[in-house]
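Asker: Can you read through this structure? Questions will come right after.
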Amino acid sequence: MAYTEVIIMNPDLKERYSGFFFMSIYVVIFFIYIFFDGWLYEWIIYGYKGANQHWDLNILGDMIWSIKDGHPVYQSTNNLHNLVYICYWTGAISYSALITDNKWLRQGAIATVGFPIMSFFSTINPVVASDIFTTDIFHYHSYLLQVVYDINHLCGITMGLYLFYSAARNKEEINMKLITPAIFFTWILFFATRILLQKWPFWAAGHEKGLISTNQINDMPFVFYGFEYGIIVIPLLYAINVTIKKFTGYIKDPVKKTAAVFIFFSVLTMIFVLLGFIKLQVIPIEFFIQ
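As numbered in numbering that gives the first Met the number 0, residues 0 to 289 make up the sequence shown, in order.
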């Protein structure tokens, strides 16, 4: 019975078709990631004339980087690292839940909806998270890959909040057992980023810096063979979901419940940014070899 629940299609055709719609968006995002090179930080200085701002078929061989004086130095770039970006895969959980109606996936999408919400708000200014009152943000969000990030986040938010609303409408609460696979899956992604985006072995002295520097891999307060995520983030994810379960239990209306979750993560993002818990990657232009 458990096996058939995994492979069965959602009998709700609207949900199933919307799941396929969002999946098609993520397929397009996948191809942009593997065929378009170049990063925001290079584009800000050089525009689309930057050495790495182009499409090509050299999928695996064009990411050339090294560590010099404690900083990553890039000779050429691609965007394959985005395929281990946590919001890409929490989005995949969400559209899979819509397509299959699997209860584990639905609960997993609800448990991880905070990732796209917090990522969206912390990248309103993708260069300095705390400085959102600058007109530069309109310029930054005109860049192709930043637009792709925005679409990724907005799709994840839409699907995750809808699934939370659907659960609330059916009087279903967050189930700590059912959310566990999705929560621990994020830890697997954390290990994947360390293995794929840092010099091997990633725990060795001098290998702390990675291909990218985000909260996902390099800005943890200490390094412990990748287990730092399990010590800090896993308990935090459970605590957040318990908190949401408790305070939304006092709200009866499904729409208000869903709005409360969105507000909760929005406020949490602002608090994390102000406390310095969310630090965005900044690559000085001198570390791009043109």
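Note that beta-carbon positions come from the ideal geometry of N, C-alpha and C, so glycine has one too.
Quantities reported herein were computed from a predicted structural model and do not represent experimental measurements.
Do K256 and L177 have their C-beta atoms within less than 9 Å of each other?
Answerer: Result no, Cβ atoms of K256 and L177 do not sit closer than 9 Å.
Asker: Measure the alpha-carbon distance for Y164 versus I31 and round it to whole angstroms.
Answerer: Between Y164 and I31, the C-alpha separation is close to 31 Å.
Asker: Should S17 be listed as close to the ligand SAM, given that the test is whether its C-beta is under 8 Å from any heavy atom?
Answerer: By its list of ligands, the structure shown contains no ligand whatsoever, and the ligand SAM lies outside what it can speak to.
Asker: Suppose only complete runs of 4+ residues qualify. What are the alpha helix (DSSP H) ranges in the stretch 233-282, listed by chain order?
Answerer: With a minimum length of 4 residues, the continuous alpha helix (DSSP H) runs that stay inside the stretch 233-282 are 253-274.
Asker: If the criterion is Cβ atoms closer than 9 Å, does the pair I211 and V126 meet it?
Answerer: Contact: no.
Asker: According to the neighbour-count rule (16 or more other Cβ atoms, all chains shown, within 10 Å of its Cβ), is N169 buried or exposed?
Answerer: Burial call: exposed.
Asker: According to DSSP, simplified to helix, strand and coil, what is Q145?
Answerer: Looking at Q145 - three-state DSSP - the assignment turns out to be helix.
Asker: Please report the residue range of the alpha helix (DSSP H) in which H138 lies.
Answerer: D135 to Y139 is the span of the alpha helix (DSSP H), which, as asked, contains H138.
Asker: On the three-pair Cβ rule with 8 Å, is the stretch 57-64 touching the stretch 5-19?
Answerer: Touching, no, given that fewer than three Cβ pairs across the two stretches are closer than 8 Å.
Asker: Tell me which same chain residues have a C-beta within less than 8 Å of the C-beta of N151, skipping the five on either side of it?
Answerer: Y25, I28, Y84, C86, Y87, G90 and P115, listed in sequence order.
Asker: Let's test the definition: count the other Cβ atoms within 10 Å of the Cβ of H138 and tell me whether it reaches 16, buried, or not, exposed.
Answerer: So H138 counts as exposed.
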